[in-house]
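Novice: Can you read through this structure? Questions will come right after.
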Amino acid sequence: MEITRVKIGLCEADRIKAYATITIDDCFVIQGLRLTHSKEKGYFLFMPGQKMPDGTYVDIVHPLNNETSQMIQEKVVEEYEKIADESLKRQVQK
């Protein structure tokens, strides 16, 4: 499995840094991933989920092992840092 595209939408919220869409093997798209960051734990990627009537959340899609989860998170964080850096540079130039 290969992540062939990562699309990042920056977010101005305190905890959520970005929303992401990933494409796997140029044939399967997952939308609605949320990238968060905290000083204590660093980056964490939440999979798309649905709120249930009892108030709990259930992942709609999720990796089946830690290696896949880590690989997805690394790709999203890498693209986020690139996009965030470019955005910061544009703001400084203004």
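According to the working numbering, the sequence shown is numbered sequentially starting from 1306.
C-beta atoms are modelled at their ideal positions from N, C-alpha and C, and glycine is treated no differently.
In this text, all values refer to a predicted model and were calculated from it rather than measured experimentally.
I need the straight-line Cα distance from Pro1368 to Lys1312, nearest angstrom please.
Specialist: Cα-Cα distance, rounded: 19 angstroms.
Novice: Arg1339: buried (16+ other C-beta within 10 angstroms of its C-beta) or exposed?
Specialist: Arg1339 comes out buried.
Novice: Restricting to runs no shorter than 3 residues, where is the beta strand (DSSP E) found entirely within the segment 1320-1369?
Specialist: Those beta strand (DSSP E) runs which fall completely within the segment 1320-1369 and span 3+ residues are 1321-1329, 1333-1343, 1347-1351, 1354-1356, 1362-1364.
Novice: Relative to the alpha-carbon of Cys1332, which residue among Gln1378, Ala1389, Thr1309, Val1382 has its alpha-carbon at the smallest distance?
Specialist: Comparing Cα-Cα distances from Cys1332 to each of Gln1378, Ala1389, Thr1309, Val1382, the minimum goes to Thr1309.
Novice: Please name the residue, chosen from Val1381, Ala1389, Leu1393, that lies closest to Ile1327 on a Cα-to-Cα basis.
Specialist: Of Val1381, Ala1389, Leu1393, the residue nearest in Cα terms is Val1381.
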